[in-house]
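Chains as they are written, first to last, in the numbering used here: chain A, 2 to 203; chain B, 94 to 301. For glycine and all other residues, C-beta sits at the position ideal for the given N, C-alpha and C.
This is the structure in structure tokens:
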């Protein structure tokens, strides 16, 4: 009996000391605000379906077009998008960005649905133009008070992963049923883009 | 009944203690294992330090052994020189270091994304510039002492080892998708540089 009580008190004492020695907040300057900056940056590109469907569609179309588009588009899109973000951050006016973003869903969805195979430079220019508007919208909305580096890391990583998701889905293109499914996915993107375009114009 | 209440207290009190906010006001990363490990830990916890170093290693690795060797030699020496200069009181205007860091992100990332064909001297110069900027920034405002010099040596050792490993992993890459993955990481770093530049223009020096 006494032994049980002693053990319980000893356990309480040990756990108490361990618990008290765990700092719940460490204000080291390196890690301050990391979770806030990175997580909020990561959430930004995936917070709107108009952005998500367009970026996934870029990956789908790249996979459909095959090499070299499958890697040129994911290499160029983040750069162009970041340039759009840069323009948004420094306050350069770019009117009609919401309409252009919705239109990107329509055009990219139509491209995947129709399995269009334009010359590479046209595909890259189309994707780059839309990427500019997507990046601009994100850049103009970036909130102050975040850790710039960590926020940007989350932002770029989420954007890249959306492309990777699209490309990974698009790999089904090697099978006949996959080609049909991919075009079906293009139809879904097209419908989504049309909905957002209607909302933007209304 | 009393025993049951005591048993509950055994767990409730430590749990409540764990929820109490306590603040640990550290200035630098302190591992408790000495200043060299503090420097290693600082490097590991600073994406502004290790991201461009890894990207430069990927770039040099894709270009070949001569490029990798040139940059590998320049990185720790330049970081040490920059760090010592900062410890001795070198003070730069407030925006110089963040802008330099963002531009170096952009340049290194852009070269990697383009897999640009440049001579080894460019790799060495870029590595030296990058390491010097980061060395100055990492120890800026820190008083000169033996411990901080040792921390700086820890950072220099880290950049050397991380670069060597990343470059040696990249050198033998043959498969196209692996090379593409390395180049995509370059475009992401360049995108980071662009966003940081915009951020600095809009909000000032907030790279850290």
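query = Sorted by chain position, which residues of the same chain lie with C-beta nearer than 7 Å to residue 118 of chain B's C-beta, five sequence neighbours on each side aside?
reply = As a first step, residue 118 of chain B must be located in the second chain, where it is residue number 25. Any reading at residue 118 of chain B must be qualified, since the residue scores a pLDDT of 39, below 50, and its modelled position is unreliable; no value is offered.
query = Residues in the segment 87 to 121 of chain A with C-beta within 8 Å of chain B's C-beta atoms, listed in sequence order?
reply = Residues passing the 8 Å Cβ filter: 87, 88, 89, 90, 91, 92.
query = Does any residue of chain B bring its CB to less than 8 Å from the CB of residue 167 of chain A?
reply = Reading the first chain from its first residue, position 166 is the one you call residue 167 of chain A. For residue 167 of chain A, no Cβ of chain B is located within less than 8 Å of the residue's own Cβ.
query = From this set, B:151, B:294, B:144, B:138, which residue's C-alpha is nearest residue 263 of chain B's C-alpha?
reply = As a position in the second chain, residue 263 of chain B is number 170, starting the count at 1. Checking every option, the nearest Cα to that of residue 263 of chain B belongs to B:151.
message = In whole angstroms, give me the CA-to-CA distance for residue 75 of chain A and residue 164 of chain A.
response = Along the first chain, read from residue 1 onward, the residue named residue 75 of chain A stands at position 74. Along the first chain, read from residue 1 onward, the residue named residue 164 of chain A stands at position 163. For residue 75 of chain A and residue 164 of chain A, the distance between alpha carbons rounds to 7 Å.
query = At a Cβ threshold of 8 Å, is residue 161 of chain A touching chain B?
reply = Within the first chain, the letter at position 160 stands for residue 161 of chain A. By this cut-off, residue 161 of chain A is an interface position.
task = Apply the 10 Å Cβ neighbour rule to residue 26 of chain A and answer buried if 16 or more other Cβ atoms are within range, or exposed otherwise.
result = Position 25 of the first chain, counted from the first residue, corresponds to residue 26 of chain A. Summary for residue 26 of chain A: the model assigns pLDDT 47, below 50, so the residue's position carries little reliability; its value from the coordinates is reported in the next sentence. That one is exposed.
6 Å CB neighbourhood of residue 141 of chain A in its chain, flanking five on each side removed = Walking along the first chain from the start, residue 141 of chain A turns up at place 140. Correct list, in chain order: 89.
message = Quick test of the definition: if touching needs 3 or more C-beta pairs under 8 Å, does the segment 246 to 266 of chain B touch the segment 161 to 170 of chain B?
response = Verdict: yes, contact present.
key: Per-residue burial, residue 31 of chain A [other beta carbons within 10 Å of its own, 16 or more giving buried]   = Position 30 of the first chain, counting from 1, holds the residue named residue 31 of chain A. In this prediction, residue 31 of chain A has a pLDDT of 42, which is less than 50 and means its spatial position is unreliable; nothing more can be read from the coordinates.
Continuous alpha helix (DSSP H) stretch holding residue 133 of chain A: start and end = In the first chain, counting from the first residue as 1, residue 133 of chain A sits at position 132. Per DSSP, residue 133 of chain A belongs to the alpha helix (DSSP H) from 121 to 142.
key: Residue range of the alpha helix (DSSP H) that includes residue 154 of chain A   = Mapped onto the first chain, residue 154 of chain A falls at position 153. For residue 154 of chain A, the enclosing alpha helix (DSSP H) begins and ends at 149 to 171.
key: Three-way DSSP call (helix, strand, coil) for residue 68 of chain A in this model   = Along the first chain, read from residue 1 onward, the residue named residue 68 of chain A stands at position 67. In the three-state reduction of the DSSP assignment, residue 68 of chain A falls in the coil class.
inquiry  = Please report the straight-line C-alpha distance between residue 116 of chain B and residue 83 of chain A, rounded to a whole angstrom.
reply    = Against the second chain, residue 116 of chain B aligns to sequence position 23. Against the first chain, residue 83 of chain A aligns to sequence position 82. Residue confidence for residue 116 of chain B is low, a pLDDT of 43 falling below 50, so the modelled location carries little weight; the figure read from the coordinates is stated next. So the alpha carbons of these two residues sit roughly 37 Å apart.
key: Contact the segment 229 to 244 of chain B vs the segment 203 to 216 of chain B: 3+ CB pairs below 8 Å   = Contact between the segment 229 to 244 of chain B and the segment 203 to 216 of chain B is absent, because fewer than three Cβ pairs lie under 8 Å.
task = Label residue 239 of chain B either buried or exposed according to how many other C-beta atoms from any shown protein chain fall within 10 Å of its C-beta, with 16 as the threshold for buried.
result = Locating residue 239 of chain B in the second chain gives position 146, where the first residue counts as 1. Taking a 10 Å sphere around the C-beta of residue 239 of chain B, we find fewer than 16 other C-beta atoms and assign the residue as exposed.
ask   = What are the boundary residues of the alpha helix (DSSP H) that includes residue 135 of chain B?
value = Here residue 135 of chain B is taken as the residue at index 42 of the second chain, counted from 1. Start and end: 128 to 137.
message = Suppose the cutoff is 7 Å on Cβ atoms and the five residues either side in sequence are ignored; what does the same chain contact list for residue 158 of chain A look like?
response = To locate residue 158 of chain A, count along the first chain from 1; it is residue 157. Spatial neighbours of residue 158 of chain A in its own chain (CB-CB distance under 7 Å, excluding positions within 5 residues in sequence) are listed in chain order as 43.
ask   = Roughly how many whole angstroms lie between the Cα atoms of residue 277 of chain B and residue 256 of chain B?
value = In the second chain, residue 277 of chain B corresponds to position 184, counting from 1. In the second chain, residue 256 of chain B corresponds to position 163, counting from 1. Taking the straight line joining both Cα atoms gives about 18 Å.
request  = Write down the C-beta distance between residue 138 of chain A and residue 98 of chain A rounded to the nearest angstrom, noting that I regard them as a contact closer than 8 Å.
outcome  = Indexing the first chain from 1 puts residue 138 of chain A at position 137. Indexing the first chain from 1 puts residue 98 of chain A at position 97. With 8 Å as the limit, residue 138 of chain A and residue 98 of chain A qualify as a contact, their Cβ atoms being about 5 Å apart.
ask   = Would DSSP call residue 208 of chain B helix, strand or coil?
value = Position 115 of the second chain holds residue 208 of chain B. Residue 208 of chain B: coil per DSSP, three-state reduction.
Of the listed residues A:38, A:53, A:153, A:64, nearest to residue 170 of chain A (C-alpha basis) = For the purposes of this step, residue 170 of chain A is taken as the residue at position 169 of the first chain. Of the candidates A:38, A:53, A:153, A:64, the one whose C-alpha sits nearest the C-alpha of residue 170 of chain A is A:64.
ask   = Shorter than 8 Å from the beta carbon of residue 133 of chain A to some beta carbon of chain B?
value = Counting from one through the first chain, the residue named residue 133 of chain A turns up at place 132. No Cβ of chain B is located within less than 8 Å of the beta carbon of residue 133 of chain A.
request  = Starting from residue 149 of chain B, follow the alpha helix (DSSP H) in both directions and report where the run begins and ends.
outcome  = The sequence position of residue 149 of chain B within the second chain is 56, counting from 1. For residue 149 of chain B, the enclosing alpha helix (DSSP H) starts and ends at 140 to 156.
ask   = Is the CB of residue 50 of chain A under 8 Å away from at least one CB in chain B?
value = Taking the first chain and counting its residues from 1, one reaches residue 50 of chain A at position 49. Not one chain B Cβ lies under 8 Å of residue 50 of chain A.
Burial state of residue 288 of chain B, where buried means 16 or more other Cβ atoms lie within 10 Å = Taking the second chain and counting its residues from 1, the one referred to as residue 288 of chain B is at position 195. Residue burial annotation: residue 288 of chain B is buried, with at least 16 other C-beta atoms found within 10 angstroms of its C-beta.
query = Which whole-angstrom value describes the C-beta separation of residue 279 of chain B and residue 202 of chain B, a residue pair presumed to lie in contact below a C-beta threshold of 8 Å?
reply = Here residue 279 of chain B refers to the residue found at position 186 when the second chain is read from its first residue. Here residue 202 of chain B refers to the residue found at position 109 when the second chain is read from its first residue. Contact between residue 279 of chain B and residue 202 of chain B holds: CB atoms are separated by about 5 Å, below the 8 Å threshold.
task = For residue 50 of chain A, count neighbouring Cβ atoms within 10 angstroms of its own Cβ and tell me buried if that reaches 16, exposed if not.
result = Indexing the first chain from 1 puts residue 50 of chain A at position 49. Under this definition residue 50 of chain A is an exposed residue.
ask   = Hey, residue 144 of chain A and residue 284 of chain B: beta-carbon distance below 8 Å or not?
value = Locating residue 144 of chain A in the first chain gives position 143, counting from the first residue. Locating residue 284 of chain B in the second chain gives position 191, counting from the first residue. No, these two residues do not count as a Cβ contact at 8 Å.
task = Classify residue 184 of chain B as buried or exposed, calling it buried when 16 or more other Cβ atoms lie within 10 Å of its own Cβ.
result = On the second chain, residue 184 of chain B is found 91 positions in, with the first residue counted as 1. Residue 184 of chain B comes out exposed.
request  = Apply the 10 Å Cβ neighbour rule to residue 200 of chain A and answer buried if 16 or more other Cβ atoms are within range, or exposed otherwise.
outcome  = As a first step, residue 200 of chain A is located in the first chain; it is residue number 199 there, counting from the start. Per the 10 Å Cβ criterion, exposed.
key: Assigned secondary structure, residue 68 of chain B (DSSP; H/G/I helix, E/B strand, else coil)   = This structure gives no information on residue 68 of chain B, because the portion of chain B shown stretches from 94 to 301.
query = Terminal residues of the continuous alpha helix (DSSP H) containing residue 188 of chain A?
reply = The residue labelled residue 188 of chain A in the question sits at position 187 within the first chain. 177 to 202 is the extent of the alpha helix (DSSP H) around residue 188 of chain A.
query = Residues in its own chain within less than 8 Å of residue 137 of chain B by CB, not counting five upstream and five downstream?
reply = For the purposes of this step, residue 137 of chain B is identified with residue 44 of the second chain, where counting begins at 1. Residues of the same chain with a CB within less than 8 Å of the CB of residue 137 of chain B, apart from the 5 flanking positions on each side, are 143, 251 in chain order.
request  = Determine, using beta carbons only, whether residue 75 of chain A comes closer than 8 Å to chain B.
outcome  = Position 74 of the first chain, counting from 1, holds the residue named residue 75 of chain A. Contacts with chain B at 8 Å (Cβ-Cβ) include residue 75 of chain A.
inquiry  = Beta carbons nearer than 9 Å to chain A: which residues of the segment 138 to 164 of chain B have them?
reply    = Contact residues of the segment 138 to 164 of chain B toward chain A are 138, 139, 140, 141, 144 (C-beta to C-beta distance below 9 Å).
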